[in-house]
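Structure, as structure tokens:
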Amino acid sequence: MRGVTVVFTIAALAQLAASLAVAAPPAGPRPPQEAIDACAQANQGDACSFAGPRGSVSGTCGQPPQAQGLVCMPAGPPPPPPAATDACAGASEGAACSFEGQGGALSGTCVATPGGQGLVCAPA
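Going by our numbering, the letters in the sequence shown line up with residues 308 to 431, in that order.
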């Protein structure tokens with residue numbers, strides 16, 4: 308009887324190991340449809356751009372993990388939210404500012420954007 312139990316245990320462990328080996332990793336967030344469409348007729352490494360919820364995005368067509376096909380992958384960090392830019396419209400660098408973010412009201416200081424194209428409210 309003990310031999311039968313050992314055989315069944317080994318068989319169950321082998322089945323579990325096999326199912327874990329072929330299980331797909333958990334899917335991450337899906338890229339925006341605009342990023343997918345921007346590379347629909349492109350090759351890997353081609354320059355691309357699309358209009359996203361935070362403005363124009365430029366990048367390179369590539370294949371991120373767990374994605375089917377090419378996606379326009381941004382070249383740098385995402386742009387600040389429009390509310391952070393709007394909070395410093397007409398202000399000077401170093402001025403106090405505030406805006407509504409995803410987590411509620413944020414206060415900070417107006418700073419120059421890395422590209423030098425204006426000011427943005429950087430939370431303290």
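Every residue, glycine too, gets a C-beta built ideally from N, C-alpha and C.
Scanning its chain for C-beta atoms nearer than 8 Å, with the 5 sequence neighbours on each side dropped, one finds around Ala431 the residues Ser414, Gly415, Thr416, in chain order. From the listed residues Gly401, Cys368, Pro389, Gly397, the smallest Cα separation to Gly408 is found for Pro389.
Taking 9 Å as the cut-off, the Cβ atoms of Ser365 and Pro381 count as close.
Check the Cα spacing between Ala354 and each of Pro360, Gly362, Ala342: the tightest is with Ala342.
In the DSSP assignment, Thr392 falls within the alpha helix (DSSP H) that extends over 389-393. Under the three-state reduction of DSSP, Glu400 is assigned to coil, being neither helix nor strand. Under the 10 Å beta carbon count, Ala403 is surrounded by fewer than 16 other beta carbons and is classified as exposed. The three-state reading of DSSP puts Ala419 in strand, counting E and B together. A direct Cα-to-Cα measurement between Phe357 and Cys368 gives close to 11 Å. The criterion of a C-beta distance shorter than 9 Å is satisfied by Ala374 and Pro338. Judged by DSSP in its simplified three-state form, Ala382 adopts coil rather than helix or strand.
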